[in-house]
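S.K.: Counting in our numbering, the sequence shown runs from 12 upward without gaps.
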Amino acid sequence: MEISFVRIDDRLIHGQVATVWTKDSGCNRIMAVSDEVAADDLRKQLVIQVSPPGIKAYVVTIEKAISAYKDPKFDSFKTLFLFTNPTDVLRMVEGGVDIKSVNVGGMCFKAGDKQITNALCMNDVDIEAFKKLNEKGIELEVRKLAKDNKINLMDRLKELKLI
Numbered sequence: 012m013e014i015s016f017v018r019i020d021d022r023l024i025h026g027q028v029a030t031v032w033t034k035d036s037g038c039n040r041i042m043a044v045s046d047e048v049a050a051d052d053l054r055k056q057l058v059i060q061v062s063p064p065g066i067k068a069y070v071v072t073i074e075k076a077i078s079a080y081k082d083p084k085f086d087s088f089k090t091l092f093l094f095t096n097p098t099d100v101l102r103m104v105e106g107g108v109d110i111k112s113v114n115v116g117g118m119c120f121k122a123g124d125k126q127i128t129n130a131l132c133m134n135d136v137d138i139e140a141f142k143k144l145n146e147k148g149i150e151l152e153v154r155k156l157a158k159d160n161k162i163n164l165m166d167r168l169k170e171l172k173l174i
C-alpha cells in the first residue's frame, strides 16, 4: 500500500478533503482510521457517504488499518489516511506503518485545550504524541488548506512555549 497523504482532521472527510486533498494527493482510496468512529455506525456511514465520486472510502480501526497496510493484496491502494488525533497516528507508526509526513489540518477546541492556530487546538496528550512522532523523524506540518504555506508544528509549539 502506498501512502499518498496523511492528515489529522477531526471532521475526517469534508469539503476540502473531498475536493482538494484527494486530488492533490493522487489517492485512489481514503481510509479514516479511528477505533471510536469505526464503532459508531451512524458516523461511519456519514463518512463513507461523503467520499468523492470514484474514490472508495473505508472507516476502520487502527489494528485493521495496520493489517491492511501490511497486506500485499492492497498494494494497488494509494491511500489518503485520515485521523482525528495524533495518538492514533502514533499507534499506526508504532504498529509498523511507514508514515513520513503528517498534515495537521483541524482539531476543534475541547475543555482544557490550548489554541495553536485558528483551526488547531490540542491538549497535553496530543502534544506528547506529536513530540514522539517528531522524535521518529516524521514531518509535522500545519495547513488547513492545500494552498496554505506549511507551518512546522514543532516550531509553532516552541513559539507558544508549549514544548
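Backbone N, C-alpha and C define an ideal beta-carbon position, used for all residues, glycine too. A quick note: this is a predicted structure, and the numbers were derived from the prediction, not measured.
1) Just curious, the beta strand (DSSP E) that Phe16 is in, first and last residue?
2) Does the separation of the CB atoms of Ala157 and Thr98 fall below 7 Å?
3) Of the residues Val71, Thr128 and Phe92, which one's Cα is nearest the Cα of Val48?
4) Ile149 to Asn134, Cα distance in whole Å?
5) Could you tell me the distance, in whole angstroms, from the CA atom of Ser87 to the CA atom of Thr33?
6) Are the CB atoms of Met12 and Thr90 within a distance shorter than 7 Å?
7) What are the residues that DSSP puts in a beta bridge with Phe132?
8) Would you call the stretch 72-84 in contact with the stretch 99-117, where contact means no fewer than 3 C-beta pairs closer than 8 Å?
M.R.: Quick look at the numbers:
1) First-last of the beta strand (DSSP E) with Phe16: Glu13 to Asp20.
2) For Ala157 and Thr98, no; Cβs fall outside 7 Å.
3) Closest by alpha carbon: Val71.
4) If I take the Cα positions, the gap works out to 20 Å.
5) For the pair Ser87 and Thr33, the Cα-to-Cα distance works out to about 16 Å.
6) Closer than 7 Å, so yes.
7) It is Cys, not Phe, that sits at residue 132 in the sequence shown. DSSP links Cys132 through a beta bridge to Gln126.
8) Flag = yes, the stretch 72-84 and the stretch 99-117 touch.
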